[in-house]
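What follows is a single structure, written as structure tokens, with notes after it.
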């Protein structure tokens, strides 16, 4: 299973997404991909701070379609992920590389479910010892 980081999901929601990212996504069986509740929170926040208008309306429609596509494949930040986060964040801090909160939470969820992470921002996830895929380069 591969967890999609928010930057991959938001790229796919753009009116003109990166062709390499879309090709990578389209080459994967849908049941191999998942998103997290953290990504949902980031997307909803991004839409909430936009002024009313066409862009916000378009993103809202894209979000609704996304939620249909990933129905049953949304991983939550649960107790197991919380325990993983504590271990990963402490190790990162000890190494002098603190984890940004959204990335740390997504990394913890991926680790708790033994998943790889697809992202453009590879360094926080590789620092956590996760297998990372960059769809922009794949």
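In the UniProt record's numbering, the protein residues as written are 1 to 138. Where a beta carbon is used, it is the ideal one built from N, C-alpha and C, also for glycine.
The segment 102-111 and the segment 70-88 touch, with three or more beta-carbon pairs separated by less than 8 Å. Residue nearest to residue 3 within the set 111, 99 and 50 is 111 (criterion: CA-CA distance). Of 36, 33, 60 and 35, the smallest CA-CA separation from residue 46 is found for 60. For the options 42, 130 and 49, the alpha carbon positioned closest to that of residue 7 is the one of 42. Taking 8 Å as the cut-off, the beta carbon of residue 74 is found closer than this to the beta carbon of residue 40. Proximity to residue 9 across 36, 97 and 53 peaks at 36, based on C-alpha coordinates. Taking C-beta atoms as the reference points, residue 136 and residue 30 fail to come closer than 8 Å. Ranking 79, 49, 124 and 13 by CA distance to the CA of residue 58 puts 13 first. Within the DSSP secondary-structure output, residue 2 pairs in a beta bridge with 33 and 116.
Short of 7 Å from the beta carbon of residue 24, and not among the five residues preceding or following it, lie these beta carbons of its own chain, in chain order: 135 and 138. For residue 69, the secondary structure class from DSSP, reduced to helix, strand or coil, is helix. Secondary-structure assignment with DSSP links residue 75 through a beta bridge to 36.
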